[in-house]
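For reference, the structure discussed in these notes is given below.
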Amino acid sequence: MYREEILDHSKRPRNEGKLDEKDAKTEGKNPSCGDETDIYLKVEDGEVKEIKHETDGCAISKASTSILSNRLVGMTVEEVKGLDREWVQDELEIDLSPMRIKCAMLPVKTIQEALKED
Amino acid sequence: MALDPKKYREDFPVLQEESDGKQIVYLDNAATTHTPEQVLERINKFYREENSNEGRSLHKLANKATVAYENARSTVADFVGAEKDEIIFTRNTTESINIIAQGLDLDGKIAVPKMSHHSEQLPWRRKAEEEGLEVEFLPTHEGKLDMEAAREIIDEDTALVSVTHISNVFGCRNPVEELAEIAHENDAYIFVDGAQSVPRVPVDVKEMDIDFLGFSGHKMCGPTGTGAVYGKKELLEDMDPLLVGGGMIETVEEDEVKYGEVPDKFEAGTPNIAGAIGMAEAAEYLQSIGLADIDQHERKLNRMMIEGLKEISGVEIHAPEDETPSVVSFTMEEAHPHDVAEVLNTEAVAVRAGHHCAQPQHQELDLAGTVRASPYFYNTEEEVEEFLEAVKKVKEVF
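Protein sequences appear in the order of chains A and B. So that you can map any letter, position 66 of the first sequence is 89 in our numbering, and since no number is skipped, the others follow by simple counting. So that you can map any letter, position 123 of the second sequence is 104 in our numbering, and since no number is skipped, the others follow by simple counting.
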């Protein structure tokens, strides 16, 4: 599970930081791990343009948020809304137990929740 | 004489299982314990030879079920020093506490430990909110209940003191007798959450002079979905039940319902008959080993664990300094508690990681969670060594 890319992203998260107020900010929590993330999302013409985040949690939630903050850019809002556990697991290329999949799903759930509100 | 865990290990089928070719080192007993053959066989026997509803029908099988269920109540009552009619069977400690919180008439403040499990805390908090009562938290000082503060907080305006007997976070043992005295001096009731204590230390409700005690079957070698609550009979008699329905009435007329006697009044619907019988079998099993010996053995293992963990740099132990705790909670500088538990899992070592259903306590300590190792009488010194080796592996991975 802790392959090199995962450990690297968990220790040096990409796209860490904030975006302007006018861009959507959303918070997500995974109560089982105590993971917390603040995600800033820039959406234009129905497409994700930029993602920034501040994530505090286990290695899986941090790595997942970091990796997906790159991969979701360029996707349409509709595509992001349709992402599921299988997609996340495939992207991360790791096998996750039923409890840990929640950690990996944190960024996706948080972003999907934000897009629902739009 | 010291307890020999190897004598009991073969009673537990799950402990014989392997995970990826490694024998499981199960140190998550504060969450749930395993079930010995004796209990499994007793439940099996019930379904094969005695299965029927209890307390209702008059045929031979029903008589067997009724006798077995009521004997189970006597056994569980004996286990905690209560009278038979003072024991209500429940699904778990959570339900036990909800029954008392729902039914007990309170006119005053409720004192609850900051370290309490959500199951102990939330029923009282909801009651307070619904009835306009005040909740006061009894603070924690260095991994123990702050008794000095407790003495100040509990006063003549207090109506109920809830006490975590053994903390599932720090493993400390809170002075229940002393708190019972303080509560009663102030005409308050005392409720004891025995989820972690009843399985591992001798508990006697009369000696401790407590009003209520909640505990679970599955944390003491019984089946899941079982628990019990003790209450002083005169208090239970004055209380309304949480659930109403079949098997708990005296008479039902079109315009009036009279509830039955204690404890039937609190057990609406067909109970978990096989479960209660299994829980009683577990109580007898533990008694045959001896609760004082179980406690002594566990604390020996915990001392080993703490000494071993202190040798590993970057490990912080969250336990009282001056007593050997019943669970060992720790954090590691290098990794989040869930990542520690995950690495331990790959070494076939089972522990719990997280906030252990005590979020307010973790917020106060500014901790996302801890890793918790909780042994039982069937764990060995060799397993503690394996646990410590696995913790060292965490440092290699991260």
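Glycine is no exception: its CB is placed at the ideal position from the N, C-alpha and C atoms.
Less than 8 angstroms between the beta carbons of residue i and residue j, yes or no?
i, j, result
"Ser77 of chain B", "Ala209 of chain B", "yes"
"Gln83 of chain B", "Val93 of chain B", "no"
"Glu77 of chain A", "Glu39 of chain A", "yes"
"Leu129 of chain A", "Asn53 of chain A", "yes"
"Val61 of chain B", "Val184 of chain B", "yes"
"Tyr50 of chain B", "Ala257 of chain B", "yes"
"Ser294 of chain B", "Arg353 of chain B", "no"
"Asp(-8) of chain B", "Ser355 of chain B", "no"
"His336 of chain B", "Gly57 of chain A", "yes"
"Val332 of chain B", "Ala339 of chain B", "no"
"Val365 of chain B", "Met285 of chain B", "yes"
"Lys214 of chain B", "Asp59 of chain B", "no"
"Glu345 of chain B", "Lys3 of chain B", "no"
"Asn152 of chain B", "Pro306 of chain B", "Checking the displayed sequence, the identity of residue 152 of chain B turns out to be Gly instead of Asn. The answer is yes: Cβ separation under 8 angstroms."
"Leu42 of chain A", "Glu73 of chain A", "yes"
"Phe379 of chain B", "Glu315 of chain B", "yes"
"Cys126 of chain A", "Gly80 of chain A", "yes"
"Ser33 of chain A", "Lys85 of chain A", "yes"
"Glu64 of chain B", "Thr47 of chain B", "no"
"Glu297 of chain B", "Thr312 of chain B", "yes"
"Ile81 of chain B", "Leu114 of chain B", "no"
Can you tell me whether residue i is buried or exposed? The criterion is at least 16 other CB atoms within 10 Å of its CB, across all chains shown.
i, result
"Thr99 of chain A", "exposed"
"Tyr63 of chain A", "buried"
"Gln342 of chain B", "buried"
"Asp221 of chain B", "exposed"
"Glu136 of chain A", "exposed"
"Thr232 of chain B", "exposed"
"Arg154 of chain B", "buried"
"Glu288 of chain B", "exposed"
"Pro121 of chain A", "exposed"
"Arg123 of chain A", "buried"
"Gly105 of chain A", "exposed"
"Ala349 of chain B", "buried"
"His40 of chain B", "exposed"
"Val238 of chain B", "exposed"
Shortest alpha-carbon distance to residue i belongs to which of the options?
i, options, result
"Phe70 of chain B", "B:His317, B:Gln344, B:Glu323, B:Gly250", "B:Gly250"
"Gly241 of chain B", "B:Tyr266, B:Gly256, B:Glu262, B:Glu218", "B:Glu218"
"Ala109 of chain B", "B:Gly89, B:Glu123, B:His99", "B:Gly89"
"Glu112 of chain B", "B:Val365, B:Asp86, B:Met201, B:Phe(-7)", "B:Asp86"
"Glu(-1) of chain B", "B:Tyr28, B:Pro183, B:Asn326, B:Ala300", "B:Asn326"
"Lys(-13) of chain B", "B:Ile270, B:Glu297, B:Ile68, B:Glu166", "B:Ile270"
"Val243 of chain B", "B:Arg54, B:Ala257, B:Asn34", "B:Arg54"
"Asp192 of chain B", "B:Gln4, B:Asp276, B:Glu158", "B:Glu158"
"Pro(-6) of chain B", "B:Glu18, B:Leu114, B:Tyr7", "B:Glu18"
"Thr145 of chain B", "B:Asp168, B:Ser178, B:Pro306, B:Thr139", "B:Ser178"
"Thr13 of chain B", "B:Phe196, B:Lys376, B:Ala255", "B:Phe196"
"Thr121 of chain B", "B:His40, B:Pro301, B:Tyr357", "B:Pro301"
"Val186 of chain B", "B:Ala161, B:Gly206, B:Glu166", "B:Ala161"
"Pro318 of chain B", "B:Asp276, B:Glu22, B:Lys376, B:Ala169", "B:Lys376"
"Ala255 of chain B", "B:Asp1, B:Leu(-4), B:Phe27", "B:Phe27"
"Lys246 of chain B", "B:Arg29, B:Ile68, B:Glu166", "B:Ile68"
"Ile163 of chain B", "B:Tyr7, B:Ile134, B:His15", "B:Ile134"
Less than 8 angstroms between CB atoms is the rule here; does residue i satisfy it with respect to chain A?
i, result
"His336 of chain B", "yes"
"Glu323 of chain B", "yes"
"Val378 of chain B", "yes"
"Gly350 of chain B", "yes"
"Ala329 of chain B", "no"
"Asp59 of chain B", "no"
"His165 of chain B", "no"
"Asp66 of chain B", "no"
"Asp320 of chain B", "yes"
"His317 of chain B", "yes"
Between residue i and chain B, is any beta-carbon pair separated by less than 8 angstroms?
i, result
"Ala82 of chain A", "yes"
"Arg123 of chain A", "yes"
"Ser55 of chain A", "yes"
"Met128 of chain A", "no"
"Tyr25 of chain A", "yes"
(message) I'd like to know if the region 220 to 232 of chain B and the region 272 to 290 of chain B are in contact, where contact means that at least 3 CB-CB pairs between them fall below 8 angstroms.
(response) no
(message) Under 8 angstroms, with one C-beta from each stretch per pair, do the region 112 to 124 of chain A and the region 26 to 43 of chain A reach the 3-pair mark?
(response) At 8 angstroms Cβ cutoff, the stretches touch.
(request) Spell out a yes or no on whether the region 193 to 207 of chain B and the region 259 to 278 of chain B are touching, meaning 3 or more CB-CB pairs, one atom from each, closer than 8 angstroms. (result) yes
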